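The structure appears below as structure tokens.
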Amino acid sequence: NHRLDNEYDYLFKIVLIGDSGVGKSNILSRFTRNEFCLESKSTIGVEFATRTLQVIRVRVFRNLLGTVHISDQFNSGNVGFIRVEGKTVKAQIWDTAGQERYRAITSAYYRGAVGALLVYDITKRQTFENSLRWLRELRDHADSNIVIMMAGNKSDLNHLRSVADEDGRSLAEKEGLSFLETSALEASNIEKAFQTILSEIYHIIS
Ligand code: GDP
Ligand code: MG
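Numbering (UniProt numbering), first residue to last: 3 to 208.
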């Protein structure tokens, strides 16, 4: 939608990080173009891709009795209500062009990022172990308020799994990150991962 793509309330830069081959580029293409490619083309990468979408937040206001009334109008009186606020957010998602292979991601990549999706591959234990190094890299180079979600990708390959869902979840919890298992192939939880990051950012800034 041409109109929507040029009119937005917020522009949020989000970076993709994690080892080579975990599925970052396919997560990006799934989210922005609904495309998936089985062949790896790790050296061919776009700098970033964008998608404009609605992000909502629900605010609950209570009256003096603690009861909540539902209203789509803002009432400033002594009435409780729920307000659903929607904003148009343009997500600008940055992908590496294979530099992660050499750990040669420059600080320009992280500059201005308000969100990050830290990806590992559930079938490759090492990519999960390395996520702590990526987290350190993020914390060294990105803004300290950056919203980070951890994604265990390739959940469709359950028969080849080498990282339990629970391992990902508990590491994320320990590090204060959100967590989801995703599949770019099956388009599972890709939408939810970005929606979660975007609405967390929206909650922080508004
Ligand atoms: P990147 O190096 O992190 O950007 O990873 P790519 O997006 O290039 O993906 C690496 C390989 O994993 C490619 O062959 C993809 O087709 C494959 N891949 C990516 N995501 C998934 C997924 O969710 N499930 C499966 N089965 N394969 C995936
Ligand atoms: Mg890539």
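By construction, the Cβ of each residue, glycine as well, lies at the ideal position given by its N, Cα and C atoms.
In this text the structure is predicted, and so the values were computed from the model without any measurement.
State the Cα-Cα distance for the pair R61 and N147, rounded to the nearest angstrom. The sequence position of residue 61 within the sequence shown is 59, counting from 1. The sequence position of residue 147 within the sequence shown is 145, counting from 1. Straight-line Cα distance between these residues: approximately 22 Å.
When the Cα of W96 is compared with those of E175, Y122, L18, which residue comes out closest? The sequence position of residue 96 within the sequence shown is 94, counting from 1. Nearest of E175, Y122, L18 to W96, Cα basis: L18.
According to DSSP, residues forming a beta bridge with A93: Position 91 of the sequence shown, counted from the first residue, corresponds to residue 93. DSSP, once it has assigned bridges, lists F14, R53 as partnering A93.
Is the separation between the beta-carbon of F14 and that of A93 shorter than 7 Å? The residue given as residue 14 occupies position 12 in the sequence shown. The residue given as residue 93 occupies position 91 in the sequence shown. In contact: F14 and A93 (Cβ atoms closer than 7 Å).
Could you say which of R85, S208, V121, E87 lies nearest to T98 if we only look at CA atoms? Taking the first residue of the sequence shown as 1, we reach residue 98 at position 96. For T98, the nearest C-alpha among the options comes from V121.
Using three-state DSSP, classify A174 as helix, strand or coil. As a position in the sequence shown, residue 174 is number 172, starting the count at 1. DSSP places A174 in helix when its eight states are reduced to three.
Alpha carbon to alpha carbon, what distance is there between T90 and V57? Stepping through the sequence shown from its first residue, residue 57 is reached at position 55. Stepping through the sequence shown from its first residue, residue 90 is reached at position 88. Spanning the two alpha carbons is a distance of roughly 6 Å.
Taking 7 Å as the cut-off, decide whether the C-beta atoms of S157 and E193 are in contact. The count along the sequence shown starts at 1 and reaches residue 157 at position 155. The count along the sequence shown starts at 1 and reaches residue 193 at position 191. No; because the gap between Cβ atoms is not below 7 Å, this pair is not in contact.
Given a cut-off of 7 Å, decide if T125 and L173 are closer than it, judged by their beta-carbon atoms. Residue 173 sits at position 171 when you count from the first residue of the sequence shown. Residue 125 sits at position 123 when you count from the first residue of the sequence shown. Going by C-beta atoms, L173 is not nearer than 7 Å to T125.
For Y111, the nearest candidate out of H143, Q128, W136 (CA to CA): Mapped onto the sequence shown, residue 111 falls at position 109. Ranking the options by Cα distance to Y111, first place goes to H143.
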